[in-house]
Each structure stands twice: as C-alpha cells, then as structure tokens.
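**Student:** What follows is a single structure, and I will ask about it in a moment.
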Amino acid sequence: MLPTPDTSHVPYSRVYEPAEDSFLLLDTLSSPAESTFLTSRFATGPSPLIVELGPGSGVVLAFLTAHALPILGTRAPLALGIDVNRFACAATATTVIKAVAGAGATSASFLDVVQGDLVSPLRTRAATGGEPAEGMVDVLVFNPPYVPTEELPGPPGPASAGVVGGKTTYEEDSHLLELSYAGGRDGMETTERVLAALPGTLARRGVAYVLLCAGNRPEEVKARVRGEGWRAETVGTSGRTAGWERLQVVRIWREG
Amino acid sequence: MKLLTLNFLSCAVKTCKTSPLSFPLHPKDAELAKDDVEPNPDLLTNILPRLDWSALRTTAAELGFPDLPETAPSPEELVEGGKTVQDLHELLMETQIVEGKLVCGCCGHEYAVREGIANFLLPSHLV
Ligand SMILES: [Zn+2]
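If you're matching them up, the sequences are chains A and B in order. Under the UniProt record's numbering, the residue at position 10 of the first sequence is numbered 10, and the numbers go up by one with no gaps. Under the UniProt record's numbering, the residue at position 33 of the second sequence is numbered 33, and the numbers go up by one with no gaps.
Okay, here's the thing in structure tokens:
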C-alpha cells in the first residue's frame, strides 16, 4: 500500500475532507490493473500532464504525483490542480509539495494550482479542417460534486475569490462545501460539462478518471460517452451492496 | 504560479479559445520570487518536446529575463548537472509569479495573480 498524503493542514470548514470517494480514487489509481495501463501509456514519451479538477484537499493529486514512478512508470509527469475554491487551491499546493518532499525518488513534479471553473483555463486546440479537437491533458482526474440536489449552487462569492488569509462568514464556508458535493439534477450537471469538454481537454493518448455514484446512473453515463466515440469502463468500485455499487470510478479514453 | 504553467493555459473566455492571441497570456506588473525546488532530471529531459518554446521565449522576455535561444536545447545539451539543465530548472520550476496580472491578447481581460494563485474565474457577463 502506497502511503496516503498528509492533509492535516487543510481547513475542513471550507474544503472537502478526504472521504470514501477520495480513497476509492487512490485505491483505483494504484491498483495493479490501472498502474499497468498507465505505465504502458506514459512511461515513455514527453512528460505527461496530470490535471485534477476540484482537487479539494489535494489528497488524490498529491498521491499521484508522489507515487508517479510506481503508478505511471516515470518521474516525468507534471501535476496541475484547478479548483473553484481558493482555499482548496492553497491547500492542494501544500499537500502536493509536502507529499513530493516526503516521497523523494518516486515522485513527479508539482506544476501549479490555479483557481478556475473546471477545464476553462486550459489551452486547447479546436477542431480544424481534417484535424479533430485535442487538448493538453494526459491524465485527468475528477471527483465531481455528484450528489443529486434540487439546485446547483452558484459560483463562489468575492470573499472566497480573494486572498487565502481573508475572512469568510459561516455562510460563505457552507457555500464552498456545498460546491464540492452538490451536483444538481441526477448529480450530473457539473460532470456533464466536463464530459462535453473532453475532446478539447484530453491529449490523443489522454485518459480521464471520473468518479460516479449510483444516483448518477453510471451505466447510462457510460453508454452516452461510448456513443460519442470514447471507450468507457468501470475500473474501481466501493460500497457494493445487493449487487450494485455505491461509488465507482470510470476510465474514459480514445479508441486505438 | 510558475512561469512554466503559462505554457499550458489560455484565456478562459470561450470565444477567445480559438484565437491564437489568447495564448500565451501576458504577465503585467508581475512580482517574481524564486522557490527552492528539488531538480527532477526526468522531467527536464522529457518536458521540452511538448513545450511551446516560442511561447516560453515570449513569457520569459516579457518578464525581463535574458533572451532564450531561438530553438529549444537539444537532448545532447541537457547533460545532467550541466548549466543548461540548471538554468532551465531555475526558469521553469523555481521562478514564481507571486502577484500581478495575466492579460489576454485577444479580449484584454486581466486575470489577477495573488499569493501565487492565478484566478481564472470570470465575471458573470463573460461566462
Ligand atoms: Zn480573452
């Protein structure tokens, strides 16, 4: 078992605390099957760009970065986090830097964390003439706000867009936490935006790991994604009761 | 925010994504700092093939660094422990934009960098 990154510095009143979903991602990414898949794809060639959307505490991004050698077969990757919550950005940077320092000779390099809405800050190449759209990301990890809720919370207010040391109210903190789990209709509103943006986000060899809960209707989601020309397989599950999984990780990648 | 990061980002405004002017973003009033980062030779030798070297040259020049060569160093020049590797490590991995702005050459929008974190959230009228 590869060690779990230290997140003791993370302010859990306003940043999502690592939970069953985070740990399922750690277990899945470090499983023999996924390590073999990732190593076969990324151990050679240009440095892979690893991007986590909504890293929160940063535990998953830090895990992948610190254990790049056993998981991806190379120390060449660069790790980037994008989070809407400014406190999560600061927390993730600290978590990854600490984990890299602790891991030594197995770790990749920390690139950055930027504050932003999902993939919107990333460079992309639009489809032109005969060339399909393509993005920069080799490994995309997304533990989305997947809980079905009546409404999707609005973007964070000015306080949380400000400085990390700035004061926030209890309401603002609750709003930040709500953003980390509330997924709107079927818990899929935010995830759907990411799935729709995949063609311009993933590199040709790119692969996405997206966490889904049973309420997201994962079989339908996978069928839809496949209908758009992707491959999609469940590669990790947890909370199996009476024949269905509470949580699962779906791997999405291009055919061939 | 690292200088290298600017090689992977562009303006967040949807209509700018197709414009070559939205990349790279242009630093303005940038306050720089240097972090101590453990060198990772595997990264330095494998990152160059995927970098947009001319964008990196632009960024470095705009931040007041001495001109980078017109083309990226060849693999033969990247000797472990050599000066080229050390310079690249300092420029790409250790140089930080701590405060300042990043300006889109297409729409003119300015993204704030504060405490080393760039904010790409857009005001509602630009989403
Ligand atoms: Zn723009």
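Heads up, the beta-carbon is just placed ideally off N, CA and C, and yes, glycines get one too. If you're wondering where the values come from, they're calculated on a predicted model, not measured in any experiment.
(1) Is DSSP giving ALA197 of chain A helix, strand or coil here?
(2) Got a sec: is the Cβ-Cβ distance from SER180 of chain A to anything in chain B below 8 Å?
(3) I'd like to confirm something about VAL113 of chain B: is its beta-carbon nearer than 7 Å to some heavy atom of ligand 1, or not?
(4) If you draw a straight line from the C-alpha of GLU76 of chain B to the C-alpha of LEU43 of chain B, how long is it?
(5) For VAL113 of chain A, I'd like the list of residues in its chain whose CB is within less than 6 Å of its CB, leaving aside the five on either flank, ordered along the chain.
(6) Relative to chain B, which residues along the stretch 48-59 of chain A have a C-beta separation below 8 Å, given in chain order?
(7) For VAL15 of chain A and GLY56 of chain A, which I take to be in contact (beta-carbon distance under 8 Å), what is that distance rounded to the nearest angstrom?
(8) Report buried or exposed for GLN123 of chain B, applying the criterion of at least 16 other Cβ atoms within 10 angstroms of its Cβ.
(9) Suppose you measure from the CA of TRP230 of chain A to the CA of LEU211 of chain A; what does that come to, to the nearest Å?
(10) Would you say GLY130 of chain A faces chain B, with C-beta separation under 8 Å as the test?
(11) Flag this pair as touching only if the stretch 172-184 of chain A and the stretch 143-153 of chain A have three or more C-beta atom pairs under 8 Å; answer yes or no.
(12) List the residues of chain B whose Cβ lies closer than 7 Å to the Cβ of ALA126 of chain A, in chain order.
(13) Which residues in chain A have a C-beta closer than 8 Å to the C-beta of SER10 of chain B? List them in chain order.
(14) Can you find a heavy atom of ligand 1 that lies under 7 Å from the Cβ of SER124 of chain B?
(15) ARG254 of chain A by DSSP, collapsed to three states: which one?
(16) Leaving out five residues before and five after ALA68 of chain A in sequence, what residues of the same chain have Cβ atoms less than 7 Å from its Cβ?
(17) Taking the continuous beta strand (DSSP E) assigned at PHE28 of chain B, which residues delimit it?
(18) Cβ of ARG57 of chain B less than 8 Å from any chain A Cβ?
(19) Under the rule that 16 or more other beta-carbon atoms within 10 Å means buried, what is LEU198 of chain A, buried or exposed?
(20) In the DSSP assignment, what residue or residues form a beta bridge with ARG231 of chain A?
(21) For LEU122 of chain A, which residues of its own chain have a beta-carbon under 8 Å away from its beta-carbon, when the five flanking residues on both sides are left out?
(22) Ordered along the chain, which non-local residues of its own chain (more than five positions away) have a Cβ less than 7 Å from that of LEU111 of chain A?
(23) My output table needs one value for TYR170 of chain A: the three-state DSSP class, helix, strand or coil.
(24) For the stretch 28-97 of chain B, which segments carrying the alpha helix (DSSP H) assignment without a break, of at least 4 residues, lie completely within its bounds, in sequence order?
(25) Any heavy atom of ligand 1 closer than 7 Å to the Cβ of VAL13 of chain B?
(26) Looking at LYS101 of chain B: is its Cβ nearer than 8 Å to the Cβ of GLU94 of chain B?
(27) Are the C-beta of ASP173 of chain A and some C-beta of chain B separated by less than 8 Å?
(28) Chain B partners of GLY157 of chain A, CB-CB under 8 Å?
(29) Work out the CA separation of LEU4 of chain B and GLY64 of chain B for me, nearest whole Å.
(30) Kindly give me the distance between the Cβ atoms of ALA19 of chain A and ALA62 of chain A, rounded to whole angstroms, as I take these residues to be in contact under 8 Å.
(31) Please state the DSSP three-state secondary structure of PHE142 of chain A.
(32) Give every residue of the same chain whose Cβ lies closer than 6 Å to the Cβ of PRO32 of chain A, excluding the five residues on either side of it in the sequence, and list them in chain order.
(33) Counting only beta-carbon atoms, is PRO27 of chain B nearer than 8 Å to chain A?
(34) With 8 Å as the threshold, decide whether the Cβ of MET136 of chain A is near any Cβ in chain B.
(35) CB of HIS109 of chain B to nearest heavy atom of ligand 1: below 7 Å?
(36) Assuming LEU72 of chain A contacts SER30 of chain A under a Cβ cut-off of 8 Å, what Cβ separation, rounded to an integer in Å, is found between them?
**Tutor:** On the basis of the coordinates in this document:
(1) For this step, residue 197 of chain A is matched to residue 197 along the first sequence. When DSSP states are grouped into helix, strand and coil, ALA197 of chain A belongs to the helix group.
(2) Indexing the first sequence from 1 puts residue 180 of chain A at position 180. Chain B contact via Cβ: absent.
(3) The residue given as residue 113 of chain B occupies position 113 in the second sequence. In this structure, VAL113 of chain B has its beta carbon at no less than 7 Å from each heavy atom of ligand 1.
(4) Along the second sequence, read from residue 1 onward, the residue named residue 76 of chain B stands at position 76. Along the second sequence, read from residue 1 onward, the residue named residue 43 of chain B stands at position 43. So the alpha carbons of these two residues sit roughly 15 Å apart.
(5) On the first sequence, residue 113 of chain A is found 113 positions in, with the first residue counted as 1. Take VAL113 of chain A, set aside five residues on each side of it, and the residues of its chain with a beta-carbon closer than 6 Å to its own are GLY81, CYS89, THR92 and ALA93, in chain order.
(6) Of all residues in the stretch 48-59 of chain A, LEU49 have a Cβ within less than 8 Å of some Cβ in chain B.
(7) Stepping through the first sequence from its first residue, residue 15 of chain A is reached at position 15. Stepping through the first sequence from its first residue, residue 56 of chain A is reached at position 56. Indeed, because the Cβ distance is near 6 Å, the residues count as touching under 8 Å.
(8) By one-based count along the second sequence, residue 123 of chain B stands at place 123. Per the sequence shown, residue 123 of chain B should be read as Pro rather than Gln. PRO123 of chain B is exposed by the Cβ-count criterion.
(9) Along the first sequence, one-based indexing puts residue 230 of chain A at 230. Along the first sequence, one-based indexing puts residue 211 of chain A at 211. The alpha-carbon atoms of TRP230 of chain A and LEU211 of chain A are separated by roughly 17 Å.
(10) Within the first sequence, numbered from 1, the residue matching residue 130 of chain A stands at position 130. Output row for GLY130 of chain A: interface = no.
(11) As far as the Cβ criterion goes, the stretch 172-184 of chain A touches the stretch 143-153 of chain A, which means the pair count is three or higher.
(12) Numbered from its first residue, the first sequence carries residue 126 of chain A at position 126. Listed by position along chain B, the residues whose Cβ is nearer than 7 Å to that of ALA126 of chain A are LYS17 and THR18.
(13) Taking the second sequence and counting its residues from 1, the one referred to as residue 10 of chain B is at position 10. Residues of chain A passing the Cβ test: PRO121, LEU122, ARG123 and THR124.
(14) To locate residue 124 of chain B, count along the second sequence from 1; it is residue 124. Taking the Cβ of SER124 of chain B as the reference point, every heavy atom of ligand 1 lies at 7 Å or farther away.
(15) As a first step, residue 254 of chain A is located in the first sequence; it is residue number 254 there, counting from the start. Strand at ARG254 of chain A.
(16) Taking the first residue of the first sequence as position 1, residue 68 of chain A is located at position 68. Around ALA68 of chain A: THR74, ARG75, PRO77, THR106, SER107 and ALA108.
(17) If you number the second sequence from 1, residue 28 of chain B lands on position 28. The question names Phe, yet the displayed sequence has Lys at residue 28 of chain B. For LYS28 of chain B, the enclosing beta strand (DSSP E) has its first and last residue at 26-34.
(18) Looking up residue 57 of chain B in the second sequence gives position 57. Not a single C-beta of chain A is nearer than 8 Å to the C-beta of ARG57 of chain B.
(19) Working through the first sequence from its first residue, we reach residue 198 of chain A at position 198. Residue environment analysis places LEU198 of chain A among the buried positions, since at least 16 neighbouring C-beta atoms fall within 10 angstroms of its C-beta.
(20) Counting from 1 along the first sequence, the entry for residue 231 of chain A is found at position 231. Looking at the DSSP assignment, ARG231 of chain A forms a beta bridge with A:TRP253.
(21) Translated into positions along the first sequence, residue 122 of chain A becomes position 122. Taken in chain order, the residues that qualify are VAL51, ILE82, GLY135, MET136, VAL137 and THR201.
(22) In the first sequence, counting from the first residue as 1, residue 111 of chain A sits at position 111. Cβ neighbours of LEU111 of chain A beyond the five flanking positions: LEU78, ALA79 and LEU80.
(23) Position 170 of the first sequence, counted from the first residue, corresponds to residue 170 of chain A. Correct three-state label for TYR170 of chain A: helix.
(24) Taking only runs of at least 4 residues, the alpha helix (DSSP H) segments lying wholly in the stretch 28-97 of chain B are 41-47, 53-62 and 83-89.
(25) Translated into the one-based positions of the second sequence, residue 13 of chain B becomes position 13. At least one heavy atom of ligand 1 lies closer than 7 Å to the C-beta of VAL13 of chain B.
(26) Start at 1 with the first residue of the second sequence, and residue 101 of chain B comes out as number 101. Start at 1 with the first residue of the second sequence, and residue 94 of chain B comes out as number 94. Taking a C-beta distance under 8 Å as the contact criterion, LYS101 of chain B and GLU94 of chain B do not qualify as a contact pair.
(27) As a first step, residue 173 of chain A is located in the first sequence; it is residue number 173 there, counting from the start. False, the Cβ-Cβ gap to chain B never drops below 8 Å.
(28) As a position in the first sequence, residue 157 of chain A is number 157, starting the count at 1. Chain B residues near GLY157 of chain A: none, gap ~11 Å exceeds 8 Å.
(29) Taking the second sequence and counting its residues from 1, the one referred to as residue 64 of chain B is at position 64. Taking the second sequence and counting its residues from 1, the one referred to as residue 4 of chain B is at position 4. Distance from the CA atom of GLY64 of chain B to the CA atom of LEU4 of chain B, rounded to whole angstroms, is 15 Å.
(30) Position 19 of the first sequence, counted from the first residue, corresponds to residue 19 of chain A. Position 62 of the first sequence, counted from the first residue, corresponds to residue 62 of chain A. Actually they are not in contact, since the Cβ atoms of ALA19 of chain A and ALA62 of chain A sit about 16 Å apart, beyond 8 Å.
(31) On the first sequence, position 142 is the one that residue 142 of chain A refers to. If DSSP states are grouped into helix, strand and coil, PHE142 of chain A belongs with the strands.
(32) Along the first sequence, read from residue 1 onward, the residue named residue 32 of chain A stands at position 32. Taken in chain order, the list of residues that qualify is empty.
(33) The sequence position of residue 27 of chain B within the second sequence is 27, counting from 1. Cβ-Cβ to chain A under 8 Å: no for PRO27 of chain B.
(34) Taking the first residue of the first sequence as position 1, residue 136 of chain A is located at position 136. Chain B, which has a Cβ nearer than 8 Å to the Cβ of MET136 of chain A, makes this yes.
(35) The residue you call residue 109 of chain B lines up with position 109 of the second sequence. HIS109 of chain B Cβ: within cutoff of ligand 1.
(36) Counting from one through the first sequence, the residue named residue 72 of chain A turns up at place 72. Counting from one through the first sequence, the residue named residue 30 of chain A turns up at place 30. Actually they do not touch by this definition, with Cβ atoms about 11 Å apart.
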